[in-house]
Amino acid sequence: MTTLVIGANGQIGQQFCALAKQAGTPVKAMIRHQEQAAWFEERGIPTVIADLEGELEHAFEGCDQVVFTAGSGPHTGPDKTLLIDLFGA
Numbered sequence: 031m032t033t034l035v036i037g038a039n040g041q042i043g044q045q046f047c048a049l050a051k052q053a054g055t056p057v058k059a060m061i062r063h064q065e066q067a068a069w070f071e072e073r074g075i076p077t078v079i080a081d082l083e084g085e086l087e088h089a090f091e092g093c094d095q096v097v098f099t100a101g102s103g104p105h106t107g108p109d110k111t112l113l114i115d116l117f118g119a
């Protein structure tokens, strides 16, 4: 059962991915930019590039469950916080 980790590049997302990999649980990390892939590639964790504000359907391919660790970040206003933290989840 493969888990898609949305928000994988954050602190909690990276910890979850590392622990899942260590436990032998298949995991796929959803990241926003290709530049974020190196950390996951070094650990043998597959990635998919997607953004919560865009098309996501392809990110779910081959996944059976989702862990949502994404947040809008500390430098966003209330509109972005609602978009990501409420509607993104």
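Letter by letter, the sequence shown follows residues 31 to 119 of the numbering used here. The beta-carbon is built from N, C-alpha and C at its ideal position, and this holds for glycine as well.
Beta-bridge partners of residue i, as assigned by DSSP
i     : result
Leu98 : As written in the sequence, residue 98 is Phe, which differs from the Leu given in the question. Paired residue(s): Ile36.
Ala59 : Val35 and Thr77
For residue i, three-class secondary structure by DSSP
i     : result
Ala53 : coil
Glu83 : coil
Same chain, Cβ closer than 8 angstroms to residue i, neighbours up to 5 away in sequence not counted
i     : result
Gly40 : Thr99, Ala100 and Gly101
Arg62 : Asn39, Ile79, Ala80 and Asp81
Same chain, Cβ closer than 7 angstroms to residue i, neighbours up to 5 away in sequence not counted
i     : result
Ile75 : Cys47, Lys51, Val57 and Ala59
Cβ-based burial, residue i [other Cβ within 10 Å; buried from 16]
i     : result
Thr77 : buried
Gln45 : exposed
Asp54 : In the sequence under discussion, the amino acid at residue 54 is Gly, which differs from the Asp named in the question. The residue is exposed, with fewer than 16 neighbouring Cβ atoms inside 10 Å.
Leu49 : exposed
Gly92 : exposed
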